[in-house]
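Working notes, beginning with the structure itself.
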């Protein structure tokens, strides 16, 4: 019997959790952006080695309580960390606020028997600054290992994998060999569309966006037809997403279609609609209907 287990990636928003899980898995299973609340779901990425399997759980960033949506997303991370064999806590090496990490770690580190700290974005940090970061985290006294990494360049990621492997319990494979995520393709399609909307829209609007994939149809002509709805929470936001004469929606659609065609290896016809769900980020039922937060 080999080794296997569940590892939760957690930390504050925008520390690079999704970029790191994509790097570890070797595929884009989680979207990324510079904005908080980009990750809204508990996404499992599967890393298979010669004698081990790791179920890597990407979680929303844990920050200030904020809206009902933000609280729901934070609860996803807390629950996942409590259910895992290893907590992989990720910090931004450029950050200068240790109390923020300490506060988040206090919410997360409850029952996970082992905790590894990955100080991310070291490609953007000077060596002296990095040593200071390691020293202050050592003072926390709660990490089994501390390792500086760069999810962007891959620096030290192999060493991180070995640290995880060494600490895995013996167990069976939880997922079939070769699988990279527990999420269906339709989920990733919706997330790619939301990612392109986030990148193209400004201000607070990205926090109000949700995407539902209404249909995916493989046609005999070698074309995949995708119909999806982009939801906002105010009527005034609908016009922003559509843009003048549909310009913004076309821009979002073109960017999403390009990535979808590369991923699906087929031509894609993408039909996007923009809809309003009033104040959905403040409504528990709507948050659940969009697939966010913990399922009751």
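In the UniProt record's numbering, the protein residues as written are 1 to 296.
Yeah, the Cβ is synthetic: ideal placement off N, Cα and C, and Gly gets one too.
The structure presented is a predicted model; accordingly, all values stated were derived computationally and were not measured.
For the pair of segments examined, the segment 194-204 was found to touch the segment 239-259: the number of CB pairs separated by less than 8 angstroms reaches three. 117 is the residue among 117, 61, 73 whose C-alpha sits nearest the C-alpha of residue 86. For the segment 10-34, there is no continuous beta strand (DSSP E) assignment of 3+ residues that stays within its boundaries. Straight through space, the alpha carbons of residue 146 and residue 264 are spaced by roughly 38 angstroms. Taking 8 angstroms as the upper bound for CB-CB distance, residue 260 and residue 226 are in contact here, some 7 angstroms apart. The Cβ atoms of residue 16 and residue 169 do not sit closer than 7 angstroms to each other. Per DSSP, residue 186 is one residue of the alpha helix (DSSP H) stretching across 185-200. Relative to the Cα of residue 276, the nearest Cα in the group 52, 8, 26, 238 belongs to 238. A straight-line Cα-Cα distance of about 43 angstroms links residue 164 and residue 274. Under the DSSP assignment, residue 261 falls outside any beta strand (DSSP E), being part of the alpha helix (DSSP H) whose first and last residues are 247-264. In terms of Cα proximity to residue 42, the closest of 57, 28, 84, 243 is 57.
Judged by DSSP in its simplified three-state form, residue 77 adopts helix. Bridge pairing for residue 8: 57, 87 [DSSP]. Following the DSSP letters along the chain, one finds residue 270 inside the beta strand (DSSP E) bounded by residues 267-276. Rounded to the nearest whole angstrom, the C-alpha separation of residue 161 and residue 266 is 33 angstroms.
With fewer than 16 other Cβ atoms inside 10 Å of its own Cβ, residue 202 counts as exposed. A residue is called buried when at least 16 other Cβ atoms come within 10 angstroms of its Cβ; residue 282 does not meet this threshold and is exposed. 7 angstroms or more divides the Cβ of residue 36 from the Cβ of residue 2. By the Cβ-count criterion, residue 218 is exposed, with fewer than 16 other Cβ atoms from all chains shown falling within 10 Å of its own Cβ.
One thing to note: residue 159 has its Cβ no nearer than 7 angstroms to the Cβ of residue 123.
Taking 3 residues as the shortest admissible run, the segment 87-153 contains the following complete beta strand (DSSP E) segments, listed from N- to C-terminal end: 114-120, 145-148.
Residue 241 and residue 190 have their C-alpha atoms some 16 angstroms from each other.
Listed in chain order, the non-local C-beta contacts of residue 132 below 8 angstroms within the same chain number zero, local neighbours out to five positions each way being set aside.
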